[in-house]
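Below: the structure, in structure tokens.
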Amino acid sequence: MKIAVVDDHELIREGINTILTNNGAKSVDKYRTAMDLVSAMDTGQSYDFYIIDLELPDLDGFVLIEMIRARNPVSHIIVSTVHDEIWTLRKLLAREVNAIIYKSGDGNELVIAIDEILNGRNYYCDAVNETLNAAGDNSLHPSTRELEVLYQIAQGKTSREIAAAMFVSENTVEAHRKALFSKLGAINGVDLIVKAIAKGYLKKSGVKR
12 MKIAVVDDHE
22 LIREGINTIL
32 TNNGAKSVDK
42 YRTAMDLVSA
52 MDTGQSYDFY
62 IIDLELPDLD
72 GFVLIEMIRA
82 RNPVSHIIVS
92 TVHDEIWTLR
102 KLLAREVNAI
112 IYKSGDGNEL
122 VIAIDEILNG
132 RNYYCDAVNE
142 TLNAAGDNSL
152 HPSTRELEVL
162 YQIAQGKTSR
172 EIAAAMFVSE
182 NTVEAHRKAL
192 FSKLGAINGV
202 DLIVKAIAKG
212 YLKKSGVKR
């Protein structure tokens, strides 16, 4: 697994590198500017994961996302940023980045994000989801608990079985189920799973977490 880290702050680059290597990453390349990465890609370099900042000295991070996608359409992009404005999050979601985490968060979130992506799911940290919810954008993404219900629905479990596994009431499970149908725009159980896969919340080959 090859990983590129793009951030103009050396301490952050080194910090991310330490987190990744301590968790088994074997190939991590670090870049200070967007064009450093783009130049490497234009000479044939390619990565499985791109961990990028939005504020870079030479290019806007959103432009870099588009340039990465143009050169590597199947790339996985993780944005690590200090920006928590709702308009920033909306722009990132519109560009279908695979994960959004905040630099102020736990460093282990980066490892969690990679693990989720490897299992076919996108990852947005809890603080991102809270901002979306507060802005009325909660229809965009299921909450952590709703995703827990979704995974178990995909495994064929009944509401009673899910309630027992999560130590909640069946009414709570039904409320989460209703929210999932609304947020994903599903009309029945099969449609829910199909749309969850299409949006990256479930893996095509299974729902193993």
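Plus 11 on top of the position in the sequence shown (first one is 1) and you've got my numbering.
Yeah, the Cβ is synthetic: ideal placement off N, Cα and C, and Gly gets one too.
No experiment lies behind these values; they were computed from the predicted model shown.
For residue i, the nearest candidate out of the options (CA to CA)
{"i": "G167", "options": "G200, S154, L129, H152", "result": "G200"}
{"i": "N28", "options": "I79, V122, V184, L70", "result": "V122"}
{"i": "S91", "options": "R80, A186, G118", "result": "G118"}
{"i": "Y134", "options": "D40, N33, K210", "result": "K210"}
{"i": "L158", "options": "A186, V39, T99, E107", "result": "A186"}
{"i": "V184", "options": "D202, V205, I198, S154", "result": "S154"}
Spatial neighbours of residue i in its chain, beta-carbon cut-off 6 Å, leaving aside the 5 residues before and after
{"i": "E120", "result": "I112, C136"}
Cutoff 8 Å; reference residue i; Cβ partners in own chain excluding five residues on either side
{"i": "G116", "result": "C136, A138"}
Cβ-based burial, residue i [other Cβ within 10 Å; buried from 16]
{"i": "P68", "result": "exposed"}
{"i": "K189", "result": "exposed"}
{"i": "A15", "result": "buried"}
{"i": "A207", "result": "buried"}
{"i": "N33", "result": "exposed"}
Opposing strand residues paired with residue i [DSSP bridges]
{"i": "I88", "result": "Y61"}
{"i": "Y42", "result": "V17"}
{"i": "Y134", "result": "A110"}
{"i": "K189", "result": "Per DSSP, none; premise fails for K189."}
{"i": "E25", "result": "According to DSSP, E25 bridges with nothing at all."}
field: Three-pair Cβ contact test at 8 Å for the segment 48-55 versus the segment 74-90
entry: The answer is yes - the segment 74-90 touches the segment 48-55, with three or more Cβ pairs under 8 Å.
query: Can you find at least 3 beta carbon pairs, one from the segment 96-106 and one from the segment 122-132, that sit closer than 8 Å?
result: no
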